[in-house]
Amino acid sequence: MAWENELGDQLFHEHQQHLAPTGLIQYYNLVVDHAQGAEVFDVAGKRYIDLLGSAAAMNAGHSNPHVMQAMRKQIDQLVSYDAGYFPNPTTIKLVERLAAIAPGNAPKKVSLGTSGSDANDGIIKFARAATGRTYIVSFDGSYHGTTMGAISAGGCDPNMVRKIGPLVPNIVHVPYPDMYRCLPNETEHEIAMRYFDSFMLPFTTYLPAEEVACVLIEPIQGDAGMIKPPAEFVELVYQFCHANGILFAVDEINQGLGRAGKMWSSEYYDIEADLISVGKSLASGMPLSAIIGKADLMDQLGTSAHVFTTAGNPVCCAAALATLDVIQHEHLPEKSAADGEYAKQQFLRLQAKYNFIGDVRMYGLNGGIEIVKDRLTKERDRDGAAKIIFRAFQKGLILVKLAGNVLRFQPPLVITRVQLDEVFTILDSVFADFENGVIELPHELKKYELVKRAIKKIPVMGFFCHN
Ligand SMILES: Cc1ncc(COP(=O)(O)O)c(C=O)c1O
C-alpha cells in the first residue's frame, strides 16, 4: 500500500538512513514544509490540521505573526551572546517577566536552559542544593525528558532507560492516581486516599522523610494519556511535603502556559510550588526552558552548576516575550478552557456513537481519548489506535497516540471553531472507517508496530508513552 506522497516517502527514508533511530518516533511518513496557526503543510503541499501542536510546543500557533516579528527584530540586533557571561536587554526582560508571572506570592528567581529536560535536571540540582538532602520522589507514568536526571525521574517507558544505566541515584517512584482504571465503584475521595496510602508507603518502610529533597509531579500527566489526579491527592501530598521540609516541584513543560485551560496546570490545586519547570510553548518551540523557583531556594546553587552557552539566547527570549504577549493579551488560557469544553462535547457525542471510545479526558484544549477493545474491561486497543491515527493522517489530521492507545489532542490554542468543526467531521469519518474495518496499515507500519512491541519486551498490559 502506498504512503501519502512519494516526495515525503523518499525524504523520510533518506532521513532514517542517517539519523540514529532514537531520534524519531515513527508514526507515518510526514515531512513538514511550513505551518501557520493550526495548519501544517507537507513537502508535497498537502494541508493538515495539527492536533499535536508540535508536541504541545505551539500554544500560540505556528508562525504567529507577533512572535515572528519579534524574532526578526532581534535577529537584526543580536543573534547570540552567552548570557552566562554577559546578558542582553531581551534576556534580562524575560527573566524579570517569568519571575513576575509565576503562580504564588513568594518572590521568585529564574534559571534558563534550552530544553524541558535540562530544566528538570535543574530541579533535581536546586532541590538537593537547597535542602542538603538527596532523595527525589517522582511518579510512575511520568515523562520528564531525556537528559540523565530527567530520564531517571521519568517512569513511563522501560525502553527509555534500557541499556543506559546506572541512572541518577536516589530517585523513588510512587503510583500516580488513575481515575479511569480504578477499582469498581470507587469514589474520587477513595481513589485519592488509596493512592495517598501508596505515596506514604516508602516513607513508612524505607525512605526517611528528612532525607527527601523534593517531590516532582506533573499536575496532569501528559504522556501517560492526559491523566489528572484527584485534587485531594495532590493537596495531601503537598501538605505532607510542607510538614516535612520537602520541596514541591511541578513540571509545567507540557501542561503549562494555557494548555490545560488555565495559565498553569497547578492552578487546579490549592498549592504553591517551590520549583516550576517550563519549556515547549514558552518560546513557541524555539529552544528555551526555565526553572522558576522561590528566590531563597534558587540562591542556594553555586555559580556554573546550571548554566549553558545558549541558554537565554536573545532570539529565543524575544520569541518567549512575544509568545507570552500572545498568551496573555489574546486570553489563550480562557480560550483553551472554552474550546476544550466544546471539543469535549464533540468527543462525548462520538463516544455515544462508537463503542471503542472508552474515556474522554479533556482539560482545556488538551485531551486524551482512550481507544479500547471493550468498555467494561478497558483493555487498551493499540492496533486500533494505530489504524485510527493513520487514517486521520490520510484524511488531513496530524494525530498521534500516547500510552499505546490514547489519542493525543493538543492543537495550537489559536485553532478556530471552523477548524475544530472540520476536525470533528474528519474524526467521525475516521472512526466510521475503523468501525467498518476498512483501514489497512501499510506493511512498513504494521512491521514497525510489531517491532516496537517486541523491543519493549513487556506485557501487553504495560503502559508506555510516546507510542
Ligand atoms: C511533562 C514534560 N516534561 C519534560 C519534557 C521534556 O521536554 P524536552 O523534550 O523539551 O526536553 C516533556 C516533553 O515531552 C514533557 O512532556
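Residue numbers (the numbering used here): 1 to 467. For each residue, glycine too, the CB sits at the ideal point set by N, CA and C. Here the structure is a predicted model, which is why all the values come from computation and not from measurement.
The nearest non-hydrogen atom of ligand 1 is 7 Å or more from the C-beta of residue 217. Counting C-beta pairs closer than 8 Å gives fewer than three between the segment 296-312 and the segment 389-396, which falls short of the contact rule. Assignment of beta-bridge partners to residue 294 by DSSP yields 108. In the structure shown, residue 227 falls within a strand segment according to DSSP collapsed to helix, strand and coil. According to the DSSP secondary-structure assignment, residue 138 is paired through a beta bridge with 173. Relative to ligand 1, even the nearest heavy atom lies 7 Å or more away from the CB of residue 59.
Rounded to whole angstroms, residue 244 and residue 274 show a C-alpha spacing of 14 Å. According to the DSSP assignment, residue 421 belongs to no beta strand (DSSP E) but to the alpha helix (DSSP H) extending over 417-435. Residue 65 and residue 74 have their C-alpha atoms some 14 Å from each other. Relative to ligand 1, residue 165 has its C-beta separated by 7 Å or more from all heavy atoms. At the C-beta level, residue 84 and residue 307 come within 8 Å of one another.
Here residue 135 is buried. Its C-beta has 16 or more other C-beta atoms within 10 Å. Scanning the segment 163-209 for uninterrupted alpha helix (DSSP H) segments of 4 residues or longer gives 188-205, listed from N- to C-terminal end. With a threshold of 16 other beta carbon atoms within 10 Å, residue 154 meets it and is buried.
Residues 225, 368 and 370 of the same chain have their beta carbon placed closer than 6 Å to that of residue 406, with the five preceding and five following residues left out of the count. Excluding the 5 residues flanking it on each side, residue 290 has same chain C-beta neighbours closer than 6 Å at 98, 110, 112 and 278, in chain order. Where residue 332 is concerned, the enclosing alpha helix (DSSP H) starts and stops at 332-353. Contact annotation, residue 173 with residue 139: C-beta distance approximately 6 Å; criterion of less than 8 Å satisfied.
Relative to ligand 1, the nearest heavy atom lies less than 7 Å away from the CB of residue 143. Taking 8 Å as the cut-off, the Cβ atoms of residue 107 and residue 267 do not count as close.
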